[in-house]
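Q:
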Amino acid sequence: MPRPTDLPTPTPRSSSDDQVFWDGLAEDRLLLPRCTSCGSVFWHPRPFCPECSCTRIDWFAATGNGTIYSYSVTHKAPGNWGAHAPYVIAYVELDEGPRVMSNIVDADLDMLEVGLEVQAVFHAGADGGAVLRFTPSPG
Amino acid sequence: MTDVHVVGVGMTRFGKHPDADSTDLGAQALLEAVADAGIDPRLIEAAYCGHVFQGMVTGQRVLAQVGLAGLPLTNVENACSSGATAIREASFAVRAGEYDVVVAVGTEHLTSQFRGALTPDPSDPEAAVGATMPSVYAMRARRYMHEFGMTREQLALIPVKNKNNAALNPLAHFRTRITVEDVLESRPVADPLRLHDCSPVTDGAAAVILMSDKAKKRFCDTRAVRLAASTLRSGSVDVEPTSMTFEPLTRLTAQDAYERAGIGPEDVDFCEVHDCFSIAEVLRVEGLGLFGQGEYPAAVQRGEADLGGRLPVNPSGGLLGKGHPLGGTGVAQVVELVRQLRGEAGNRQIEGAKVGLAHCRGGKAVGIEGAACTVQVLTR
Ligand SMILES: [Zn+2]
Chain A
1 MPRPTDLPTP TPRSSSDDQV FWDGLAEDRL LLPRCTSCGS VFWHPRPFCP ECSCTRIDWF
61 AATGNGTIYS YSVTHKAPGN WGAHAPYVIA YVELDEGPRV MSNIVDADLD MLEVGLEVQA
121 VFHAGADGGA VLRFTPSPG
Chain B
1001 MTDVHVVGVG MTRFGKHPDA DSTDLGAQAL LEAVADAGID PRLIEAAYCG HVFQGMVTGQ
1061 RVLAQVGLAG LPLTNVENAC SSGATAIREA SFAVRAGEYD VVVAVGTEHL TSQFRGALTP
1121 DPSDPEAAVG ATMPSVYAMR ARRYMHEFGM TREQLALIPV KNKNNAALNP LAHFRTRITV
1181 EDVLESRPVA DPLRLHDCSP VTDGAAAVIL MSDKAKKRFC DTRAVRLAAS TLRSGSVDVE
1241 PTSMTFEPLT RLTAQDAYER AGIGPEDVDF CEVHDCFSIA EVLRVEGLGL FGQGEYPAAV
1301 QRGEADLGGR LPVNPSGGLL GKGHPLGGTG VAQVVELVRQ LRGEAGNRQI EGAKVGLAHC
1361 RGGKAVGIEG AACTVQVLTR
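Same order as they appear, the protein sequences are chains A and B. The first sequence stops at residue 139 when you use our numbering, and every number in between is there. The second sequence stops at residue 1380 when you use our numbering, and every number in between is there.
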């Protein structure tokens, strides 16, 4: 089975809400937002806590470890993604709680399953930015 | 306050229309609705037009083409719920006593805009990982299979049911009966979903004419169907991790509709739901409370959602079989409800149907569970 690796790495369209996240990726760090009032860790980044509406949010470095919550091997896609099909879209449940939509790379497609342990990898783009992806954890 | 009644319905054939545009299609549906109501079109006092990708003042173009220029006209964009939202706005104008006769049109010429899968807005983080609408629903399907033990064969029974219903509908995009094998052997799109699990890119339009009690009594008393509820919600703030196998937005919008109509889910005789993908039908009927969580696939297998079953789902063929011209979809669902409730649905007629429900949901915006969800209840 194919082992997709070189997926398109588009320039992220960042906003003031998620600039810290994208800056972290460029330094190979997965930074997550956390509410300073209720402690909830959430995804995606935004200027208020979705649980308690508090606007004091700080960022911390996540482990980058998680498990596959669900995934799909995508066979048909528009634009420059089409040439890379089949590739894997997944929701990864991070050890810190949130689920993020990402790609699984460097994996045999037939070893994928819900619950598989994965870890973050950082794919650099042409412009100095980076995209968050995941690969099966060793062992 | 007056009740609101649907007194006339019209709909084009759904499918590919290379020789028409959204104006032509909308005008054809509108003229048919006027003829069905048996009224002088000059009685219409206001118009609402739902569409997504047809550009500025599409509704004005439709009305001008049928010689009804000059009316107050509101264009409505609410993703896949655009047509249903147009009906809701039209019904408010009648209920408020402002007008007695209004029309809602939904139209879309999608084949000239898209080929293949719709993709997320480029500003969504999903766009950076190559997500498509099919891949998002595919992940929901896989998670549902994981949580509730649904098999791939059970999921295939939904496109089989809907496309076989569509084969009985002369206006449907697909008219060919299919089997479970056809679904399982169709081209993979986003595993586990295959081509037959996905609604097609469709052109089409539909229109309904609404009246107040007073106008109904005067012009069209016998074939009217009451619009008992027309509710709308957008998704609440998305608190991760959200469920991929249950839809709070569908549940809340349905609860609003049941309350407004004075009924419960047990009173619904049949429904048209937003089956943009096979798995979507599962999530919708369970979200609507029509079947218990995790129970719908087995119910389909027992034939409960068939035309002759306990609660027929998507008798028209649904989005999978009849087609999905975004703006036209929500209006066409109401056309099917009206035809069923009048007993005019031909060889897909559901015997004795008194209460029909239509559900649409569509769109995605960062930070909320879903963009727009509508539920309409019609009663005879
Ligand atoms: Zn908080």
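Note that CB positions come from ideal geometry on N, CA and C, so glycine has one too. Computed from a prediction, not measured in an experiment: that's the story for all the values here.
Nearest to B/G1343 by CA position, among B/R1380, B/G1370 and B/R1233, is which residue?
A: The shortest Cα separation from B/G1343 among B/R1380, B/G1370 and B/R1233 belongs to B/R1380.
Q: Out of B/A1206, B/P1041 and B/A1190, which has the shortest C-alpha to C-alpha gap to B/H1051?
A: Minimum Cα distance to B/H1051 is reached at B/A1206.
Q: Which first and last residues belong to the beta strand (DSSP E) in which B/I1209 is found?
A: Element bounds for B/I1209: D1203 to S1212.
Q: To the nearest whole angstrom, what separates the beta carbons of B/L999 and B/C1271, a pair I think is in contact under 8 Å?
A: Absent from the model: residue 999 of chain B. The displayed extent of chain B is 1001 to 1380, so no value can be given.
Q: In the DSSP assignment, find the alpha helix (DSSP H) that holds B/P1248 and state where it starts and stops.
A: B/P1248 -> alpha helix (DSSP H) spans P1248 to A1261.
Q: Helix, strand or coil: which one does DSSP assign to A/W59?
A: A/W59: strand per DSSP, three-state reduction.
Q: How about A/E96: is its Cβ closer than 7 Å to a heavy atom in ligand 1?
A: Because no heavy atom of ligand 1 lies under 7 Å away, the Cβ of A/E96 does not count as near it: no.
Q: Between B/L1210 and B/S1081, which are expected to be in contact by the criterion C-beta below 8 Å, what is the C-beta distance as a whole number of angstroms?
A: Not a contact, Cβ separation roughly 18 Å.
Q: Taking 8 Å as the threshold (C-beta atoms), are B/V1377 and B/A1261 in contact?
A: Yes, Cβ-Cβ distance for B/A1261 and B/V1377 is below 8 Å.
Q: Please list, in chain order, the residues of the stretch 1182 to 1204 of chain B that have any C-beta partner in chain A closer than 8 Å.
A: Listed by position along the chain: R1187, P1188, V1189, A1190, D1191, P1192 and L1193.
Q: What is the chain-ordered set of residues for which the beta carbon lies under 6 Å from any non-hydrogen atom of ligand 1?
A: Those residues are A/C35, A/S37, A/C38, A/S40, A/C49, A/E51, A/C52 and A/C54, given in chain order.
Q: Going by C-alpha distance, which of B/P1265, B/M1001 and B/K1016 is nearest B/G1323?
A: If we check each option's Cα against that of B/G1323, B/K1016 comes out closest.
Q: Along the alpha helix (DSSP H) that carries B/V1377, what are the first and last residues, could you check?
A: It is not in any alpha helix (DSSP H) - B/V1377 instead sits in the beta strand (DSSP E) that spans A1372 to T1379.
Q: Counting contacts by CB-CB distance shorter than 8 Å, is A/S102 in contact with chain B?
A: So, interface residue.
Q: Would A/V114 pass as an interface residue toward chain B - the criterion being a Cβ-Cβ separation below 8 Å?
A: Yes, A/V114 lies at the interface with chain B (some Cβ there is under 8 Å from its Cβ).
Q: Count the other C-beta atoms from every protein chain shown that fall within 10 angstroms of the C-beta of A/S168, then say buried if there are 16 or more, exposed otherwise.
A: Residue 168 of chain A lies beyond the range of chain A shown here (1 to 139); nothing can be said about it.
Q: For B/P1188, does the three-state DSSP call read helix, strand or coil?
A: Of the three classes helix, strand and coil, the one that applies to B/P1188 here is strand, per DSSP.
Q: Pull up the distance between the alpha-carbon of A/A130 and that of B/D1021, whole angstroms please.
A: Straight-line Cα distance between these residues: approximately 43 Å.
Q: What residues match up with B/P1265 in a beta bridge as DSSP calls it?
A: Answer is none; B/P1265 lacks a bridge partner.
Q: Give the residues from the stretch 1052 to 1070 of chain B that approach chain A closer than 8 Å (Cβ to any Cβ), ordered along the chain.
A: Those residues of the stretch 1052 to 1070 of chain B that come within reach of chain A (Cβ to Cβ, closer than 8 Å) do not exist; the list is empty.
Q: For a contact defined as C-beta to C-beta under 7 Å, what are the partners of A/W81 on chain B?
A: Under the 7 Å cutoff, chain B gives G1130.
Q: Tell me, please, whether the CB atom of B/E1286 is closer than 8 Å to any CB atom in chain A?
A: B/E1286 does not count as touching chain A.
Q: Mapping the DSSP letters down to three states, classify B/Y1099 as helix, strand or coil.
A: If DSSP states are grouped into helix, strand and coil, B/Y1099 belongs with coil.
Q: In chain A, which residues lie with their C-beta within 9 Å of the C-beta of B/E1126?
A: Correct list: I89 and M101.
Q: Any beta carbon from chain B within less than 8 Å of A/V131's own beta carbon?
A: Yes, A/V131 counts as interfacial toward chain B.
Q: Would you say B/A1254 reaches chain A, if we count a Cβ-Cβ gap shorter than 8 Å as a contact?
A: For B/A1254, the answer is no, since every Cβ of chain A falls outside 8 Å of its Cβ.
Q: Quick one: does B/A1138 have its CB under 8 Å from some CB of chain A?
A: Yes, its Cβ sits closer than 8 Å to a Cβ of chain A.
Q: Is the distance from the Cβ of A/R56 to the Cβ of A/S37 below 8 Å?
A: Yes, these two residues count as a Cβ contact at 8 Å.
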